[in-house]
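Enquirer: In my numbering, each residue carries its 1-based index in the sequence shown increased by 170. We treat Cβ as the ideally placed atom computed from N, Cα and C, and that holds for glycine. What you are looking at is a predicted structure, and each value in this text was computed from that prediction instead of being measured.
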Amino acid sequence: MTDRRTPGVFAEYMANVSDEVAARLDQLHDRPPTWARPDQLTALTARYHERAAEHRDNAKHQRERDALGTPQKGPFA
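1. Taking the alpha helix (DSSP H) that H225 falls in, what are its first and last residues?
2. Pull up the distance between the alpha-carbon of H231 and that of V179, whole angstroms please.
3. Please go through the same chain and pick out, in chain order, the residues whose beta-carbon is closer than 8 Å to the beta-carbon of L198, but skip the five residues on each side of it.
4. Taking its Cβ as the centre, do 16 or more other Cβ atoms sit within 10 Å of P208, making it buried, or is it exposed?
5. Just checking my contact of R235 with P177 at CB under 8 Å: how many whole Å lie between their CB atoms?
6. Quick check on this structure: which residue in E220, R201, T204 has the alpha carbon closest to the alpha carbon of V191?
7. Work out the CA separation of T204 and R233 for me, nearest whole Å.
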């Protein structure tokens, strides 16, 4: 499992997963499965790249808060 106690680790993990999903969806674009059209795959690829960027920003902010000693909010802080 991932380390959720160290700030930024889980968010960085999720960013990597999102990047991998985006890469796979991009590969499917050339020979789309029956459940998706190429334009749908393009949109999904873009969305997963956006999610990866959001996760990386979240990881960065978590590490910055930790460096400043600012308490984190939320049920798992």
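Expert: So, from the listed chains and residues:
1. H225 -> alpha helix (DSSP H) spans 208-238.
2. C-alpha of H231 to C-alpha of V179: approximately 12 Å in a straight line.
3. Result list for L198: A206, L211, in chain order.
4. Exposed.
5. With a Cβ gap of about 7 Å, R235 and P177 count as contacting.
6. Closest option to V191, Cα to Cα, is E220.
7. About 42 Å.
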